[in-house]
């Protein structure tokens, strides 16, 4: 990477991390805090408070991505971070579950994932882009694992209102990073209009959109079952789960690098891409054997399975947006990535619901079997993908 590419990628990955830290911090402790609020004893209201963020994200990703194509990436990112900060402070001052839901909805309205990803694409050459996307993916994974550790400590020290206020402060800090650290880079075809229908009709982009949907259906469905397996079968208490997630994410980040280099520099994009999908399918099939009791489950086996999962997942998370940015028309990168991020959010939502339904009616092993089947379908669809010409 050139110095400009490193600076842009590192800074934008840190913005992702700051923003995701604000989201992940509430997950281990919010349900406990909600019981102290009027209306907070209802699981439905607690679920809505957590899930409303994803709903507004999904609704506005395309609009923010398209706006970034026309008005520029940085102004849209700053506006989105400002909305996220506003929602955080609303939630911090809330004295009812209803007002927290309002705050969470405002947080989600700052749907800037597409704009950030498009800015990374603008700032990096094709052969370096997957590496930059991998930095973002790794920052999210490490942030998730770290949040599981520090959230209970912060909750004890500053309470839930303090955590919400901290997320607002982090968003404001991220605005400073955008303005003063992220380098200004040329944006191809700024202000030009590409019909939205053209983006939706592109078969290559549709393959990638299906891919990110399938990947996140599988991820969300798996993690309906994995925490329960860890507690009930492997005997790992919830407070100790970070001891699995943190090393698994860290090792996976190191081991994914050779695959990214082979894909980008070695001209093996299709082989690495389809291979990672096949690895996910194999992982799901093997995991079903552990979930069914056919193979013994313990701390070591779960650590191995999670490490393999994060290797395949992180490789795909890095290659997918990189491919979208290469295939999309230059004047519609933000729009294409907006569609991509919307479908990603829908995959998260669908996967959680589907995983719960399958586990309830057919058992835990069936969740992994269904995910394996979905990965096979994706591998078939991906095999005919067109690899963009390296520039």
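In the working numbering, the protein residues as written are 105 to 495. We treat Cβ as the ideally placed atom computed from N, Cα and C, and that holds for glycine.
(request) Find out if the Cβ-Cβ distance for the pair residue 325, residue 455 is shorter than 8 Å. (result) Yes, the pair counts as a contact, with Cβ atoms nearer than the cut-off.
(request) Let me know the secondary structure DSSP gives residue 320 once reduced to three states. (result) Helix.
(request) State the CB to CB distance for the pair residue 401 and residue 337, rounded to an integer number of angstroms; the pair is presumed to be in contact (CB under 8 Å). (result) 4 Å between Cβ atoms; contact.
(message) Quick check: what's the CA-CA separation for residue 302 versus residue 488?
(response) Looking at the two C-alpha atoms, the distance is approximately 20 Å.
(request) Look at the alpha carbon of residue 340 and the alpha carbon of residue 203, and state the distance between them as a whole number of angstroms. (result) Each residue's Cα considered, the two are about 35 Å apart.
(message) Distance check for residue 311 and residue 485, CA to CA, integer angstroms please.
(response) One C-alpha to the other measures close to 7 Å.
(request) State the Cα-Cα distance for the pair residue 320 and residue 109, rounded to the nearest angstrom. (result) Straight-line Cα distance between these residues: approximately 28 Å.
(request) Please work out which residues of its chain come closer than 6 Å, Cβ to Cβ, to residue 191, disregarding the five sequence neighbours upstream and downstream, and give them in chain order. (result) Answer for residue 191: 207, 210 and 211, listed in chain order.
(message) Buried or exposed for residue 358, going by 16 or more other Cβ atoms inside 10 Å?
(response) It counts as exposed.
(request) Report the residue from 448, 453, 156 and 420 whose alpha carbon sits nearest the alpha carbon of residue 235. (result) Nearest option by C-alpha distance: 420.
(request) Would you please state the rounded distance, in angstroms, between the beta carbons of residue 449 and residue 162? I believe it to be under 8 Å. (result) Confirmed, Cβ separation roughly 4 Å.
(request) Give every residue of the same chain whose Cβ lies closer than 6 Å to the Cβ of residue 122, excluding the five residues on either side of it in the sequence, and list them in chain order. (result) Excluding residues within five positions, the ones whose Cβ falls inside 6 Å are 274 and 278.
(request) Evaluate residue 466 with the Cβ neighbour count: other Cβ atoms within 10 Å of its Cβ, from every protein chain shown; 16 or more gives buried, anything less gives exposed. (result) It counts as exposed.
(request) Could you pull out every residue in the same chain whose Cβ sits closer than 7 Å to the Cβ of residue 281, ignoring the five residues on either side in sequence? (result) Once the five neighbours on either side are set aside, the close Cβ partners of residue 281 are 115, 118 and 119.
(request) Kindly indicate which residue of 407, 460, 152 and 439 has the alpha-carbon position closest to the one of residue 220. (result) For residue 220, the closest C-alpha among the options 407, 460, 152 and 439 is that of 439.
(message) Tell me the rounded alpha-carbon separation between residue 388 and residue 475.
(response) Each residue's Cα considered, the two are about 6 Å apart.
(message) Give me, in chain order, the residues of the same chain whose beta-carbon lies closer than 6 Å to that of residue 418; leave out the 5 immediate sequence neighbours on both sides.
(response) Only 241, 356 and 360 meet the Cβ criterion.
(request) Can you grab the Cα-Cα spacing for the pair residue 272 / residue 434, in whole Å? (result) Just so you know, the alpha carbons of residue 272 and residue 434 end up roughly 33 Å apart.
(request) Measure the C-alpha to C-alpha separation of residue 243 and residue 125 and round it to an integer number of angstroms. (result) In this structure, the straight-line span from the alpha carbon of residue 243 to that of residue 125 is close to 10 Å.
(message) Using a Cβ-Cβ cutoff of less than 8 Å, which residues in the same chain neighbour residue 246 once the five nearest sequence positions on both sides are dropped?
(response) In chain order, 121, 350, 353, 354 and 357 place their CB closer than 8 Å to the CB of residue 246, counting only its own chain and leaving out the 5 sequence neighbours on each side.
(message) DSSP three-state label for residue 400, please.
(response) DSSP places residue 400 in coil when its eight states are reduced to three.
(request) Taking all protein chains shown into account, decide if residue 262 is buried (16 or more other Cβ within 10 angstroms of its Cβ) or exposed. (result) Exposed: under 16 other Cβ atoms inside 10 Å.
(message) Please report the straight-line C-alpha distance between residue 363 and residue 323, rounded to a whole angstrom.
(response) Looking at the two C-alpha atoms, the distance is approximately 21 Å.
(request) Just tell me which of 286, 158, 113 and 460 has its CA closest to the CA of residue 188. (result) Nearest option by C-alpha distance: 158.
(message) If you follow the alpha helix (DSSP H) that residue 345 is in, where does it begin and where does it stop?
(response) Counting along the chain, residue 345 sits inside no alpha helix (DSSP H), nor does DSSP assign it H or E at all.
(message) In whole angstroms, give me the CA-to-CA distance for residue 267 and residue 172.
(response) Distance between the alpha carbons of residue 267 and residue 172 is about 30 Å.
(message) Tell me the DSSP secondary structure of residue 467 in three-state form.
(response) In the structure shown, residue 467 sits in coil (DSSP, three-state: anything other than H, G, I, E or B).
(request) Kindly give me the distance between the Cβ atoms of residue 258 and residue 129, rounded to whole angstroms, as I take these residues to be in contact under 8 Å. (result) 7 Å between Cβ atoms; contact.
(message) Between the alpha carbons of residue 410 and residue 371, how many angstroms are there, rounded?
(response) Approximately 28 Å, taken between the alpha carbons.
(request) Specify the secondary structure class of residue 283 as computed by DSSP and reduced to three states. (result) The three-state secondary structure of residue 283, taken from DSSP, is helix.
(message) Going by DSSP, what residue range makes up the alpha helix (DSSP H) through residue 180?
(response) It spans 177 to 197 - the alpha helix (DSSP H) in which residue 180 sits, taken as one unbroken run.
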